[in-house]
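Inspection log for the structure reproduced underneath, given as structure tokens.
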Amino acid sequence: MIDPLETCINHVLAHPAVQATVEDRVGAKHKYAQATSTPPAPWLLTARAITLADDGNVAPDISIGQHTGRLDVRCYGSSAYEAKQAYLAFLACVRATETRCAVITQAGTALLYWLVMDTSPSQLYDSDLSLDFVQCFARYAVAETALEEVSNG
Amino acid sequence: MADSAMTPYAQLVGAVKIYIAPYGTAIPDIDTTPGASWTELGATDGDQGTEFSGDLTVFRDNDHTGPVKATRPEEDVMLTFTLVDSRLEKISRIMHNVSRVTTTTSGASAVKEMGFKRGATPTEYAMLWKGQADSPYGLYPGQNYFPRVVSNSSPKPVRGKDQRAEYECEFMALEDDNQGDENKKLGWSVVGI
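Those protein sequence lines, which keep their order, are chains A and B.
Heads up: the first sequence runs through residues 305 to 457, numbered per my numbering.
Heads up: the second sequence runs through residues 76 to 268, numbered per my numbering.
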């Protein structure tokens, strides 16, 4: 069974604009100000990052083996400008996702059907981290079954 | 209950690119970009629909309570989408013909002009809907080719302070007797495997 959040994270992580803007700092939770120094290393507060988390609020597909969901996307930066740069990189990835695409995950190759924006961005401030972030929401659909698991006949 | 073994590829999603060409233009190879005869109509908004319609006429007799025979006396293939590209070269192809777009001058300015009258006889085109991952057998291209279509569109572009002009398009497939295969006279689908 494919994990749709892992699929979305890996898909976003692989996009050139995201790599150029936040490097590998894309995950389900942020790693700023972490107490541990075990790999992966904590994110520096000066570094941009993107987190994706399932938000719910989407009707599940009860007929076909397909994950549907809504992502709470947070794009962090050391200033409002820096956070917006991370957001723009995420937006570029979404815009580039025009067709179905295969994404490698731990459970096999996932098929991402779509990843589209669901809201416009909100410019916010995380007072715990003392970081600016842009919050937006996106919707996705991902096949539940790995491509290796079924015949393509 | 869905077929649990259905391949994920079998679900087709996403918008395709819509190309238009003069009637008589052959279907391009699936693994090539459509040639110079084909014009991409441009960005579309919302759903891109294909409707295959044609009600059956059923026949009954006195020996059965249910129908005993059915025929399809007529059928239609309709293509619908909404164009958001307002360049005259694009919308002229859904109004009438790109030959009616002219370049001239207005005062010191260069301008393009296009008349609105569509005339009695619609221009016939060939149409191609092509997607780079539009095959139900894998991440291969897929395309639907309609050899002979006419625009049945009645676009009503509305502009407002926060609203862009959009052109609702409807193309109707006509039988193309130049296609040797009877089954392909209203168009056909080609998908990679």
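Where a beta carbon is used, it is the ideal one built from N, C-alpha and C, also for glycine.
Here the structure is a predicted model, which is why all the values come from computation and not from measurement.
* Have a look at B:Ala145, B:Ser128 and B:Gly255 and flag the residue whose alpha-carbon is nearest the alpha-carbon of B:Asp136. => B:Ala145
* Asked: What are the boundary residues of the beta strand (DSSP E) that includes B:Val91?
  -> It is not in any beta strand (DSSP E) - B:Val91 carries neither H nor E in the DSSP assignment.
* **Test item: CB-CB of A:Val407 and A:His315 under 8 Å** => yes
* To do: Specify the secondary structure class of B:Ala77 as computed by DSSP and reduced to three states.
  => At B:Ala77 the pLDDT is 48, less than 50, meaning the model places this residue with poor confidence; the figure from the coordinates comes in the next sentence. In this structure, B:Ala77 counts as coil in the three-state DSSP scheme.
* To do: Compare the C-beta of B:Val88 with all C-beta atoms of chain A and state if any pair is closer than 8 Å.
  => yes
* At least one CB of chain A closer than 8 Å to the CB of B:Tyr242: is that the case? -> no
* Taking 8 Å as the CB-CB cut-off, is A:Thr403 touching chain B? -> yes
* To do: Let me know if A:Val377 comes out buried or exposed under the rule of 16 or more other beta-carbons within 10 Å of its beta-carbon.
  => buried
* For B:Glu158, which residues in chain A fall below 7 Å Cβ to Cβ? -> It is worth fixing the name first, because residue 158 of chain B is Leu in this sequence and not Glu. Correct list: empty, because the minimum Cβ distance to chain A is about 17 Å.
* Asked: What's the gap between the Cα of B:Tyr98 and the Cα of B:Tyr200?
  -> 4 Å
* Asked: Could one say the Cβ of A:Trp347 lies closer than 8 Å to chain B's Cβ atoms, at least one of them?
  -> no
* **A:Ala400: first and last residue of the uninterrupted alpha helix (DSSP H) it sits in** => Ala384 to Ala400
* Spell out whether any CB of chain B is found under 8 Å from the CB atom of A:Ile408. => no
* Reduced DSSP secondary structure (H/G/I, E/B, other) of B:Pro97 -> strand
* Asked: Out of curiosity, what's the CA-to-CA distance linking B:Met76 and A:Trp347?
  -> With a pLDDT of 41 at B:Met76, under the threshold of 50, the modelled position of that residue is not reliable, and no figure is offered here.
* To do: May I ask you to report which of helix, strand or coil DSSP gives B:Thr107?
  => coil
* Within chain A, partners of B:Gln207 - CB distance below 9 Å -> Glu402 and Thr403
* Short CB-CB distance (under 8 Å) between B:Leu116 and chain A -> no
* Asked: What separation, rounded to the nearest whole angstrom, lies between the Cα atoms of A:Met421 and A:Leu395?
  -> 8 Å
* Asked: So is A:Val454 in contact with chain E if we call contact Cβ pairs under 8 Å?
  -> Going by chain labels, chain E is absent from the structure shown, which instead holds the protein chains A and B.
* To do: Please compile the residues from chain B whose C-beta is within a distance smaller than 9 Å of the C-beta of A:Tyr385.
  => None at all; the shortest Cβ gap to chain B is about 27 Å.
* Can you tell me whether DSSP reads B:Ser264 as helix, strand or coil? -> strand
* Mark A:His371 as exposed unless 16 or more other C-beta atoms lie within 10 angstroms of its C-beta, in which case mark it buried. => buried
* Does the count of Cβ pairs from the segment 437-451 of chain A and the segment 234-252 of chain B closer than 8 Å reach three? -> no
* **B:Val143 versus B:Phe134: straight-line alpha-carbon distance, rounded** => 6 Å
* Asked: For A:Arg399, does the count of other Cβ atoms within 10 angstroms reach 16, so buried, or fall short, so exposed?
  -> exposed
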